[in-house]
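Colleague: Under our numbering, think of the first position of the sequence shown as 3, with each following residue one higher. C-beta atoms are modelled at their ideal positions from N, C-alpha and C, and glycine is treated no differently. Remember, predicted model here, so these are calculated numbers, not experimental data.
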Amino acid sequence: MTAPAKFLGVLPLGISVLVAFVLTLVRTLVALCTISSYHDMMIADVNIEEIVQVCFGTFSLIGPPLAVLAGFGTLFRMPSHVHVFSKYLV
3 MTAPAKFLGV LPLGISVLVA FVLTLVRTLV ALCTISSYHD MMIADVNIEE
53 IVQVCFGTFS LIGPPLAVLA GFGTLFRMPS HVHVFSKYLV
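1) Quick check: what's the CA-CA separation for Phe58 versus Ile45?
2) Kindly indicate the opening and closing residues of the alpha helix (DSSP H) around Ile53.
3) From the DSSP output, in three-state form, read off Ile17 for me.
4) What number of angstroms, rounded off, separates the C-alpha of Thr26 from the C-alpha of Gln55?
5) Around the Cβ of Ile37, are there at least 16 other Cβ atoms within 10 angstroms (buried) or fewer (exposed)?
6) Please list, in chain order, all residues of the same chain as Val86 whose beta carbon is under 8 angstroms from its beta carbon, the five residues on each side excluded.
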């Protein structure tokens with residue numbers, strides 16, 4: 003019998019996917035509350051146009067469904083779902 007997979011040698015894989023899901027959900031909510039499709043945003047004297055903000059918001063909306071799929075992939079031993087979510091996080 004093999005030992006369960008660990009994340010960074012500390013957390014079990016199921017718990018680490020849950021932590022990543024919560025962090026992805028918080029990051030998505032913060033991003034969607036911050037971006038604007040009407041006004042430019044200034045971050046550290048860098049002007050971010052509306053279209054870039056909308057693209058960032060769209061990309062961040064992909065995260066929570068991928069995290070849910072990774073949770074199912076962990077539960078039902080489907081590593082492809084976890085792999086896709088890990089590629090999204092990178």
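Modeller: The answer reads as follows:
1) Those two C-alpha atoms are separated by around 14 angstroms.
2) 52-63
3) helix
4) 17 angstroms
5) buried
6) Leu68, Leu71, Ala72
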